[in-house]
Every structure is written in C-alpha cells, then in structure tokens.
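Everything on this sheet refers to the single structure shown next.
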Amino acid sequence: MQISTGCMSLCLFIADRCSGLSFGHKEADMTDAERRVVAIVDDDLAVRESLRFLLETIGCPVEAFATADDFLHSRTDHPVCLIVDHNMPHMTGIELVERLRVGGASIPVLLITGAPSPFIVARAAELGISRVLGKPVAEQDLLDFIDAARA
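Read in my numbering, the sequence shown has 39 at position 31, and its numbers run on one by one without any break.
Okay, structure coming up:
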C-alpha cells in the first residue's frame, strides 16, 4: 500500500497478497481473534476506505471511523486491534490511546503518522502502542501488525 499525504495514491497488489488465501471463511473454522473486528480511525476518507478495502480483501472484519469521538461512542465490542492516524482534528491518535489506556483498554494499537517525531515515538512507547509507522505505510508492515494482533 502506498499512501501519500494530501493527494493520495494507492497501489494494492491484491493478486499477489491473495494467492493462498481462502475467502469466505466458514464461521466455525475461524478463531475468536479472526472474528473480532479491526478498528480503523482516520479523518481522511480515502485512507480510511483504502485500509478497509485491503483488510476486507484478506478476510478481516473492519469498522472504520472518521473521528476518535466516533470510535469512542461506537458500539464496537472489543476490537482485535486499532489502526489510528495521529494527526486528526479535535483529538489526536495519541490522545485517543491515552483515553483508552485510562479506561483500562490494552488493545494493540498501530499509530500512523505523516511526521513520526521523536516526541510522538516516545509518547507512543509510554502508552504501550505496538507500532508507529510513517506514511506511506508499507502493506507488509500493516499485515504483520494485523497477524500479530490476531495471534
């Protein structure tokens, strides 16, 4: 996946990723982690929908939200992990994770940012954020994070 700030370009090589994947998993064959949703929070519609498309293509159930508040007020029940953009209006990705941690949530988090400053990386480590990735996000890094969260 290639994502650039502002005008977004997207390159998904789904055919390569999908070889060997079985679509239409039978519910009985899925693990509890595979049934649980991946939550995405990003104010950029193109990024949000691109991430949703990629993850749904490989069989991940996804719920996507435009704002941190939308996610906090949702009825999403114990997502397997959270993919969140840092630079969003009203509440940053770091602030969202702070609220989740104060509430006792230990969900694995992937923080994506166009500018991974030393402050963001240090604060992310303090909050137990699993990964911080700069944009553009490499597809394999994203998929490795999902695999680890589902394990």
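All C-beta atoms in this analysis are idealised placements derived from N, C-alpha and C, irrespective of residue type, glycine included. All values reported here derive from a predicted model rather than from experimental measurement.
Where residue i sits in the DSSP three-state scheme
i	result
Thr65	helix
Ala113	coil
Ala72	strand
Val129	helix
Asp52	coil
Ser17	Any reading at Ser17 needs caution, since the residue's pLDDT is 36, under 50, leaving its predicted position unreliable; the model's value is listed next. Note: Ser17 maps to coil in three-state DSSP.
Arg60	helix
Leu135	coil
Bridge partner(s) assigned by DSSP for residue i
i	result
Thr121	Gly142
Ile154	None, per the DSSP bridge assignment.
Ala47	Glu71 and Leu90
Own chain partners of residue i with C-beta closer than 6 Å, once the 5 adjacent residues on each side are dropped
i	result
Pro91	The sequence given here places Ile at residue 91; Pro does not occur at that position. So the list reads Ile48 and Leu118, once near-sequence residues are dropped.
Asp51	Ala74 and Met96
Pro124	Val140 and Gly142
Arg131	Ile102
Pick from the options that is closest to residue i, judged by C-alpha positions
i	options	result
Gly136	Asp152, Arg60, Ala156 and Arg109	Arg109
Glu57	Pro97, Ala74 and Arg44	Ala74
Thr84	Val46, Val145 and Pro144	Val46
Cys89	Pro144, Ala76, Arg44 and Lys143	Arg44
Pro116	Ala130, Asp155, Ala76 and Val55	Asp155
Gly111	Pro126, Ala133, His86 and Ala130	His86
Ala133	Arg158, Leu53, Leu62 and Glu106	Glu106
Same chain, Cβ closer than 7 Å to residue i, five either side skipped, listed in chain order
i	result
Asp149	Leu141
Ile128	His94, Ile102, Thr121 and Val140
Phe31	The predicted position of Phe31 is uncertain, since its pLDDT is 38 and thus under 50; no value can be drawn from it.
Own chain partners of residue i with C-beta closer than 8 Å, once the 5 adjacent residues on each side are dropped
i	result
Glu64	Val70
His98	Thr75, Ala76 and Asp77
Ser114	Gly136
Pairing CB atoms from the segment 101 to 108 with CB atoms from the segment 58 to 70, are three or more of them under 8 Å?
no
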